[in-house]
Amino acid sequence: MEQLAARGIGVIEGEVTGIQVTGDRLIGVRLRSGQVIPRRALVITPRFEARHALLDGLGVTVAEHPLGIGHQVRTDATGLTTVAGVWVAGNAADVTAGVMQAAASGVTAAAAINADLTAEDTAAAVAARRAVPTADAAAPSAAFPPSPATAPWSSPRRPAASSPPTPGARPTSSS
Ligand SMILES: Cc1cc2nc3c(=O)[nH]c(=O)nc-3n(C[C@H](O)[C@H](O)[C@H](O)COP(=O)(O)OP(=O)(O)OC[C@H]3O[C@@H](n4cnc5c(N)ncnc54)[C@H](O)[C@@H]3O)c2cc1C
């Protein structure tokens with residue numbers, strides 16, 4: 004109220020019950036008291052409601068926008084909802100987003116989804132690797148053979164050295 008007063012904006016308290024229109028033109032706002040406030044234009048605070056019906060069955064959380072202007076799907080910074088594996092982007096996640104923010108959030112969500120799928124594949128590969136017998140697990144896999152630079156001194160047949168040779172260094176003679 005103080006801020007409005009400081010900007011020279013008057014406040015009339017009362018419940019608006021209708022508008023007064025003459026000749027297809029707004030001429031005033033009618034209050035419950037019967038008083039008509041002359042107006043040529045009327046601005047109403049909109050509510051923004053994300054269309055989340057598609058996601059409701061998955062159990063995502065829908066929350067009030069921090070400014071109290073509507074509801075949107077609750078996400079982290081990448082668009083991940085409160086349900087694992089479900090991301091949203093655009094106005095579903097931020098009802099105030101314009102086209103640029105909506106498109107950018109789609110890119111962010113896509114990158115996060117890609118990372119999540121890669122992590123899942125890797126976790127499955129690790130689990131499969133651990134499931135094989137220990138001797139086999141210690142052996143180099145066909146997918147990741149030892150590199151020529153590291154294979155010689157990682158071999159159990161090679162005598163232990165006080166320090167590993169520098170990769171690429173020439174062997175030295177002890178005599
Ligand atoms: C009046 C108005 C003016 C705007 N002016 C600007 C502007 O000047 N500049 C700007 O940057 N932004 C503007 N915006 C905002 C802009 O429209 C949004 O930021 C942008 O469209 C968000 O993109 P989106 O993909 O998240 O959502 P949308 O563009 O709304 O796309 C969502 C799509 O999903 C569909 N959908 C929803 N539920 C389902 C379902 N269950 N099954 C199948 N399809 C479904 C919808 O039909 C829709 O086609 C304006 C918005 C409005 C309303």
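Counting the sequence shown from 1 gives a position; the numbering used here is that position plus 3. Cβ atoms here follow ideal geometry from the backbone N, Cα and C, with glycine treated the same way.
Comparing alpha-carbon positions, the option among 15, 29 and 94 lying closest to residue 105 turns out to be 94.
Contact annotation: residue 19 and residue 29 have beta-carbon atoms that are not nearer than 9 Å. Segment contact: the segment 57-66 against the segment 84-102, three or more CB-CB distances shorter than 8 Å; contact assigned. Secondary structure of residue 18 (DSSP, three-state): coil.
Taken in chain order, the complete beta strand (DSSP E) segments of 3 or more residues contained in the segment 26-76 are 28-34, 39-41, 65-67 and 73-76. A direct Cα-Cα distance of roughly 12 Å separates residue 117 from residue 109. In the assembly as shown, residue 82 is a buried residue. Its beta-carbon has 16 or more other beta-carbons within 10 Å.
Within the same chain, 63, 64 and 77 come within 7 Å of residue 85 by CB-CB distance, once the 5 residues on both sides are set aside. Annotation for residue 4: no alpha helix (DSSP H) segment contains it, and DSSP assigns it neither H nor E. In the three-state reduction of the DSSP assignment, residue 110 falls in the helix class, which pools H, G and I. When only Cα atoms are considered, residue 68 and residue 128 end up about 40 Å apart. The beta carbon of residue 110 sits no closer than 8 Å to any heavy atom of ligand 1.
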